[in-house]
Amino acid sequence: MATEQPAEGVGSLFFELAGDLRLSMLSKLSEKDCRLSQLASELDATMQEAHRNMTRLIESGLVSKGREGELILTSYGRTIVMLIPSYEFLYRNRDFFTDHSLGDLPAKFVQRLGAFQGCEIVHGVMAILQRWKTLYGSSDTFIKEIMAQVPLDLIETISTRVEKGVKFSYIFASNSVVPKGRTQLLQKVGWRNFINKGTVERRMLPDVKVMAIFNEKQGCVMFPNQKGEPDLNVMFYGESADFLEWCNDFFNYQWNKADAFDEGKLKREV
4 MATEQPAEGV
14 GSLFFELAGD
24 LRLSMLSKLS
34 EKDCRLSQLA
44 SELDATMQEA
54 HRNMTRLIES
64 GLVSKGREGE
74 LILTSYGRTI
84 VMLIPSYEFL
94 YRNRDFFTDH
104 SLGDLPAKFV
114 QRLGAFQGCE
124 IVHGVMAILQ
134 RWKTLYGSSD
144 TFIKEIMAQV
154 PLDLIETIST
164 RVEKGVKFSY
174 IFASNSVVPK
184 GRTQLLQKVG
194 WRNFINKGTV
204 ERRMLPDVKV
214 MAIFNEKQGC
224 VMFPNQKGEP
234 DLNVMFYGES
244 ADFLEWCNDF
254 FNYQWNKADA
264 FDEGKLKREV
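Going by this note's numbering, 23 is the number at position 20 of the sequence shown; the sequence numbering is gapless.
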């Protein structure tokens with residue numbers, strides 16, 4: 004039985020977006036206005052295919068014709084195209100999200116997941132820790148992080164950057180388990196002096212499900228498993244301006260929710 008096209012509602016929009024050629028046309032038009040012949044050539048489509056699909060896009064209100072016959076995204080169409088990357092990201096990573104969740108991520112950040120579209124997926128604890136070390140070591144201005152676990156091996160790397168003027172701001176989960184030797188290592192690097200000078204600032208949340216580490220150049224985000232537990236075996240790494248803006252906005256959201264840091268709430272060293 005042939006699929007019946009929805010006559011109205013958002014279903015009709017998704018139906019129009021279901022064709023690969025139509026999606027490619029919208030993507031091209033988001034970059035520049037084009038004539039139909041140019042679109043057909045660039046997308047390796049016949050004029051008949053291009054005309055048929057473009058007619059649907061025009062009838063749906065996503066595209067209009069300019070005075071010289073050029074094809075232009077309408078304001079409605081341009082807005083729709085801006086939302087497509089979020090669906091593309093989720094679709095391409097559908098296997099990941101079968102055994103991971105978005106945790107307690109607020110809807111306003113879910114709606115901006117298109118910022119993750121160009122991210123690299125990094126697998127394995129050792130590879131992830133190496134990326135963290137590189138991120139810390141390459142920071143020139145700031146380091147910000149939201150963590151559910153305490154990375155003991157990287158404290159000295161961070162303190163070296165702080166000594167050179169990099170500001171370090173972090174949020175810990177109050178149920179984090181601190182590794183053995185952390186207290187002595189913090190004393191060794193003069194952590195309390197950094198806090199007193201304001202070069203290190205910290206806050207605390209009752210729980211952290213989505214972890215993030217980023218600086219002015221690169222960032223990492225880790226989502227929890229289906230039980231809501233942090234997964235340090237896989238993370239998304241990115242360098243785009245949109246991704247770093249997402250990280251910074253999410254950090255600020257959590258920072259404003261967080262309470263004063265209370266060392267006594269952390270679980271004892273193990």
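Here a beta-carbon is modelled for each residue, glycine too, at the ideal position from N, C-alpha and C.
{"Query": "What's the call for Arg164, buried or exposed, on a 16-neighbour Cβ count within 10 Å?", "Result": "buried"}
{"Query": "Which runs of the beta strand (DSSP E) spanning at least 3 residues fall entirely within the segment 32-74, listed in chain order?", "Result": "66-68"}
{"Query": "Could you pull the start and end residues of the beta strand (DSSP E) that Arg164 belongs to?", "Result": "Here Arg164 belongs to no beta strand (DSSP E); instead the alpha helix (DSSP H) covers Ile158 to Glu166."}
{"Query": "On the CB-based measure, 16 or more other CB atoms within 10 Å of its CB, does Val203 come out buried or exposed?", "Result": "buried"}
{"Query": "Should Val180 go down as buried or exposed, given a rule of 16 or more other Cβ atoms within 10 Å for buried?", "Result": "exposed"}
{"Query": "Pull up the DSSP beta-bridge partners for Phe171, would you.", "Result": "Ile146 and Val203"}
{"Query": "Sorted by chain position, which residues of the same chain lie with C-beta nearer than 6 angstroms to Ala5's C-beta, five sequence neighbours on each side aside?", "Result": "Residue placement at Ala5 is poorly supported in this model, since its pLDDT is 48, which falls under 50; the coordinates still yield a value, given next. Excluding residues within five positions, none has a Cβ falling inside 6 angstroms."}
{"Query": "Quick one: using the 10 Å Cβ neighbour count with 16 as the cut-off for buried, is Lys147 buried or exposed?", "Result": "buried"}
{"Query": "Could you name the residues that DSSP lists as bridge partners for Leu208?", "Result": "Ala176"}
{"Query": "List the endpoints of the continuous alpha helix (DSSP H) containing Glu91.", "Result": "Ser78 to Arg95"}
{"Query": "Just list the residues that DSSP pairs Phe239 with in beta bridges.", "Result": "Ile124 and Val224"}
{"Query": "Cα-Cα, which of Tyr173, Arg38 and Phe239 is closest to Gly127?", "Result": "Phe239"}
{"Query": "Counting C-beta neighbours from all protein chains within 10 Å, is the total for Val224 16 or more, i.e. buried, or is it exposed?", "Result": "buried"}
{"Query": "Tell me the residue span of the beta strand (DSSP E) that contains Phe217.", "Result": "Met214 to Asn218"}
{"Query": "With 16 other CB atoms within 10 Å as the buried threshold, where does Met85 fall?", "Result": "exposed"}
{"Query": "Need the endpoints of the alpha helix (DSSP H) that Arg185 sits in, please.", "Result": "Arg185 to Val192"}
{"Query": "Is Asp234 helix, strand or coil when you go by DSSP?", "Result": "coil"}
{"Query": "In its own chain, which residues sit with a C-beta less than 8 angstroms from the C-beta of Phe264, not counting the 5 before and 5 after it?", "Result": "Phe175, Arg205, Arg206 and Met207"}
{"Query": "Which term fits Phe171, buried or exposed, when burial requires 16 or more other beta carbons within 10 angstroms of its beta carbon?", "Result": "buried"}
{"Query": "Whole angstroms are fine: how far does the CA of Ala118 sit from the CA of Ser89?", "Result": "7 angstroms"}
{"Query": "Tell me Lys270's beta-bridge partners as DSSP assigns them.", "Result": "Val180"}
{"Query": "In whole angstroms, what is the alpha-carbon distance linking Arg97 and Glu91?", "Result": "10 angstroms"}
{"Query": "Mark Phe253 as exposed unless 16 or more other C-beta atoms lie within 10 angstroms of its C-beta, in which case mark it buried.", "Result": "buried"}
{"Query": "What is the rounded straight-line gap between the Cα of Trp249 and the Cα of Phe112?", "Result": "8 angstroms"}
{"Query": "Which residues bound the alpha helix (DSSP H) around Asp102?", "Result": "Where Asp102 is concerned, there is no enclosing alpha helix (DSSP H), given that its DSSP letter is neither H nor E."}
{"Query": "Using C-beta distances below 7 angstroms, list every residue in its chain close to Asn56, excluding the 5 sequence neighbours before and after it, in chain order.", "Result": "Gly22, Leu24, Arg25 and Met28"}
{"Query": "Does Ala263 come out as helix, strand or coil in the three-state DSSP assignment?", "Result": "strand"}
{"Query": "Taking the beta carbon of Asn255 as the centre, do at least 16 other beta carbons fall within 10 Å, making it buried, or is it exposed?", "Result": "exposed"}
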